[in-house]
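Below you'll find the structure, written out as structure tokens, and then a few comments.
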Amino acid sequence: MPISFDQASGLFKLDTKNSTYMIEIYREGYLLHPYYGGYIPDENVKDLCYRGTFASFSPQNPRILDEPFSPDLAPMEYSCNGTGDYRLSALQVRGSGGDASTDIRYVSHKIYRGKPALTGLPATYAGEEEAQTLELLTRDAVTGVYVTLLYTVFEELGAMTRSVVVENRSQEPVDLERVYSCCVDFPGMDYKMTHLYGQWFKERTVATRRLEHGIQSIASKRGASSHNHNPFLCLSSLNSTEESGEAFGFNFVYSGNFDLSVEVDQRGTTRLIGGINATDFGWRLEPGESFTAPEMVMVYSSQGLGGMSRTFHKLYSSHLIRGKWKDVKRPVLINSWEAAFFDFDDDKLVEFAEEAAKLGIEMLVMDDGWFGKRNLDNCSLGDWYVNEGKLKGGLSSLIERVNRAGLKFGIWYEPEMISPDSDLYRAHPDWCLQVRGREKSIARTQYVLDMSRQDVRDNIFRQMSEVLSKNHVEYLKWDFNRNLTEVGSLLLPPERQKEVFHRFILGTYDLMDRFTRAFPEILFENCSGGGGRFDPGMLYYSPQIWCSDNTDAIERLTIQFGTSLCYPVSTFGAHVAHRPRTPLSTRGNVALCGTFGYELDPRKLTEKEKELVKKQIADFNRYNDVIQRGDLYRLITPTENPFHCAWEFVSSDRREALLTVVTMRQRETPFLILRLRGLDPEKYYRDAETGEIYSGALLMNAGINLTPRPDGAYEEAALDGGSLVKYFTVQQ
Ligand code: DGJ
């Protein structure tokens, strides 16, 4: 059983095939955390909670004076504010007494098969045979809140999830000020912290630093998970590498304000908390009401960052992404954005489609600019009816023509936004987020709709479903091009304004849920000015997310590598664009590591380029299985090597491998021997291109020599921006 409880010792043991997580019911009902790490069979771990004797500055419980226990030093399972633990608090409740001291103690527990859904929130899911759940019920005696700590163990995957439900069983309202989704205390401080930072056009760059005393954190208070920090953080042992050593990955299943903070305390121990950012958060909980904190995914790896990533990928591919498109090859698409921006009409789009069909492209996506009177990014968001001046004959006629050309049809929306210059805003100026008496900030000439309101969501749902139900739309790109300001709702009373950030996200999830239920056939792609909401919350509703507006293939390497730390490549929206700084072949090879498509004017391709595009599409169709389902190995990281970037996919049966190498900058002596990973050392692999046969052992230990040859082999790949793809299959 992955979860067990020993009554005598009061210990819970949560095992996966490679990890153990333990919780102890200590005296007076305190919950402690003796251990998280590689699998151990024993239960004799209580000693691990001892942190030495201490002086008067770490408070004690007056009932436990015979043991050196202080909540300030002990590894606490879920830290509370103001009752003796001065480190980062996971929970802070302001009760009817007006103070914010909080203290939860064990009441009871339940262990059961499967995994419960989280009301109104995205979360991983599992069948009864795939996971086991522990619910720990605790209580704060003074405020009267009951706090359930939820743990689900995916035994076969080396992953766990956590969430928290707070219920007000008192007779008075209480104010929740912090409800983090996890708190994990580690026994030392010898860890590296890896996270993903960035900005628009440069999302998810990997950064790693050694932990220091004090608090270090990554966060968002933009109302979106953001381009700037991803809700992902990894603590890894100092000697860990890409493929070795311990790594603890945390990824928050939420698309709004988050905080992942790490504190190294006075004893040199480490606490990590993660959840909804307490800044700009508050929740009034009336008697009888409950609040659910979003889910935190925790992955343990003893095979470095690479092992951690592969576990995240498997978990998300099989237990987060849903619906018809979950395991299906995605259509190769052509998107109108970089091909035409706002400058298109029906005839131009049909020409794109006809040209694209000849190349093997399967879908045309009509991006921004088809609705209201939108010819620039300064109007019409919220007016989701067709601009018949542009699309003469309307949408149905356009779609028919595109379908006739042999392509499916996809469309763009930005549902949470409203332009000041729109019919919707003129009719409902009260429908956007705003604070009475304060001027609204503007970004990309648009405001943000108040998604906490049911009437707003109903209107958007009605407008969009009118279009979707009357037309043969097979794909929907859901964009979100600014962050939130003046976050207030005209419908809520003053004491509830602090709820608006979270209510906004709940409203967005509600709308996405309605759409995915109403239109289960549609392939949804999320987007936020590129990858500003690339998070697991969004992946629950859309199996793919546009990675970045930066379509330069060399820049994309850093972005895609960072993204791959926790997200499967099957979710990366990646297109070949007209960015001639890099050869078309490399643009294709980089986009292959994703959902694959084009974002250029196909009419302008030369005959030679067209032949190459056809080959790229054939490659995508041929390799898609190993890319979408295979294990990813990051061989050379672009931020660590100035010359090359390389990665490899290996099928789960280890019979196929696909290797890609990109030369970001030409070396003076273009010498490169590359060692592969993840193969079967005892099997023999055939290089599909050269016919050469090598043992898996040779390819992994000695490597393959990719140095250019006098006959021209590998020469182009070694030039600035050059690349190569090699496919290996096991010899029968
Ligand atoms: C930002 C997206 O990332 C682009 O791909 C495009 O859809 C534009 N928005 C359209 O406004």
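So the number in our numbering is just where the residue sits in the sequence shown, counting from 1, plus 336. Cβ atoms here follow ideal geometry from the backbone N, Cα and C, with glycine treated the same way.
request  = Quick one: residues in its chain with C-beta nearer than 6 Å to the C-beta of D766, no 5 flanking neighbours on either side, listed in chain order?
outcome  = So the qualifying residues of the chain are L826.
key: For Y761 and S334, believed in contact at Cβ under 8 Å, the rounded distance   = Beyond the ends of the chain as shown, which are 337 and 1068, falls residue 334; an answer cannot be given.
ask   = Do the CB positions of I697 and V722 come within less than 8 Å of each other?
value = Going by C-beta atoms, I697 is not nearer than 8 Å to V722.
ask   = Using the beta-carbon count (16 or more within 10 Å), is T1026 buried or exposed?
value = Result: exposed.
ask   = So which of Y357, L995, M496, G659 has the shortest CA-CA distance to E861?
value = Nearest option by C-alpha distance: G659.
inquiry  = What I want to know is whether the C-beta of W748 ends up closer than 7 Å to one or more non-hydrogen atoms of ligand 1.
reply    = W748: yes, Cβ under 7 Å from ligand 1.
message = Quick check: does the Cβ of C863 come within less than 7 Å of any heavy atom belonging to ligand 1?
response = Yes, since a heavy atom of ligand 1 falls inside the 7 Å radius drawn around the Cβ of C863.
query = Buried or exposed: where does E1028 fall if 16 or more other Cβ atoms within 10 Å of its Cβ makes it buried?
reply = Exposed, because fewer than 16 other Cβ atoms sit within 10 Å of the Cβ of E1028.
inquiry  = Considering just the uninterrupted stretch of the beta strand (DSSP E) at G610, what are its terminal residues?
reply    = Residues 606 to 612.
task = Please go through the same chain and pick out, in chain order, the residues whose beta-carbon is closer than 8 Å to the beta-carbon of R603, but skip the five residues on each side of it.
result = R387, G388, L409.
message = For A913, which residues in the same chain have their Cβ closer than 6 Å to its Cβ, ignoring the five residues on either side in sequence?
response = Only E674, T887, E935, L936 meet the Cβ criterion.
ask   = When the Cα atoms are used, what is the spatial distance from A495 to A1033?
value = Cα to Cα, the separation comes out at about 30 Å.
message = Could you tell me which whole beta strand (DSSP E) segments of length 3 or greater appear in the stretch 365 to 419?
response = 367 to 374, all fully within the stretch 365 to 419.
query = DSSP puts F929 in a beta bridge; with which residues?
reply = Note that residue 929 is Cys in the sequence shown here, rather than Phe. Per DSSP, C929 has no beta bridge partner at all.
request  = Report the option in L485, F870, P370 whose CA atom is closest to the CA atom of G898.
outcome  = Cα-wise, what sits closest to G898 is F870.
request  = Please go through the stretch 548 to 583 and give each complete beta strand (DSSP E) segment of 3 or more residues, from N-terminal end onward.
outcome  = Fully enclosed beta strand (DSSP E) runs of no fewer than 3 residues occupy 550 to 556, 565 to 573 of the stretch 548 to 583, in order along the chain.
task = Count the other CB atoms, across all protein chains shown, that sit within 10 Å of the CB of S732; report buried if there are 16 or more and exposed otherwise.
result = An exposed status is given to S732, since fewer than 16 other beta-carbon atoms sit within 10 Å of its beta-carbon.
key: Span of the alpha helix (DSSP H), counted from its first residue to its last, around W983   = Annotation for W983: no alpha helix (DSSP H) segment contains it, though the beta strand (DSSP E) segment containing it runs 980 to 986.
task = Closer than 7 Å by C-beta to R430: which residues in its own chain qualify, once you throw out the five before and the five after it? Chain order, please.
result = Cβ neighbours of R430 beyond the five flanking positions: A436, V510, D511, E513.
task = Could you tell me if the beta carbon of D888 falls within a distance shorter than 7 Å of some heavy atom in ligand 1?
result = No heavy atom of ligand 1 is found nearer than 7 Å to the CB of D888.
ask   = With a CB to CB cut of under 7 Å and the five nearest residues on each side skipped, what residues in its chain are close to E379?
value = For E379, the CB contacts under 7 Å within the same chain, skipping 5 residues up- and downstream, are D342, S345, L347, K349 in chain order.
task = Could you spell out the range, first to last residue, of the beta strand (DSSP E) harbouring V803?
result = Run containing V803: none in the beta strand (DSSP E); it sits in the alpha helix (DSSP H), 790 to 806.
query = So, is N714 buried or exposed, given that buried needs 16 or more other C-beta atoms within 10 angstroms?
reply = Exposed, by the Cβ-count rule.
query = Mapping DSSP to helix, strand and coil, what is L743?
reply = The three-state secondary structure of L743, taken from DSSP, is coil.
task = Could you pull out every residue in the same chain whose Cβ sits closer than 7 Å to the Cβ of I1010, ignoring the five residues on either side in sequence?
result = Here residue 1010 turns out to be Leu, not Ile, going by the sequence shown. Spatial neighbours of L1010 in its own chain (CB-CB distance under 7 Å, excluding positions within 5 residues in sequence) are listed in chain order as L971, A982, V997, G1039, I1040, L1042.
message = Spatial neighbours of F588 within its chain, please: C-beta separation below 6 Å, excluding the five flanking residues on both sides.
response = Annotation for F588: P567, F594, G610, M632 place their beta carbon closer than 6 Å to its own, counting only its chain and skipping 5 residues before and after.
task = Taking S626 as the reference, give the member of P404, S415, F393, R505 with the closest Cα.
result = Selection P404, S415, F393, R505 evaluated against S626 yields R505 as nearest (Cα-Cα).
ask   = What are the uninterrupted segments assigned as beta strand (DSSP E) that are 3 or more residues long and contained completely in the stretch 715 to 775, given in chain order?
value = Note on the stretch 715 to 775: whole beta strand (DSSP E) runs with a minimum of 3 residues are 744 to 749, in chain order.
L875 vs L651 beta-carbon contact at 8 Å = Their beta carbons are not under 8 Å apart, which means L875 does not touch L651 by this criterion.
ask   = For N817, is the beta carbon positioned less than 7 Å from some heavy atom of ligand 1?
value = Relative to ligand 1, N817 has its C-beta within less than 7 Å of a heavy atom.
task = Please state whether DSSP places E513 in a helix, a strand or coil.
result = In the structure shown, E513 sits in a strand (DSSP, three-state: E or B).
task = Rounded to whole angstroms, what's the CA-CA distance from R789 to R558? Just pull it up for me.
result = Roughly 19 Å separates the two Cα atoms.
query = chain B beta carbons: is any one of them nearer than 8 Å to that of P756?
reply = Included in the structure is just one protein chain, with no chain B present.
ask   = How many angstroms separate the CA atom of T931 from the CA atom of S906?
value = A straight-line Cα-Cα distance of about 6 Å links T931 and S906.
Pick from V502, V803, A467, L532 that is closest to L596, judged by C-alpha positions = Distance check between L596 and each of V502, V803, A467, L532 places L532 closest, using alpha-carbon atoms only.
message = Which same chain residues end up closer than 6 Å to L994 when comparing Cβ atoms and leaving out the 5 residues on each side of it in sequence?
response = Excluding residues within five positions, the ones whose Cβ falls inside 6 Å are Y959, V962, F985, Y1063.
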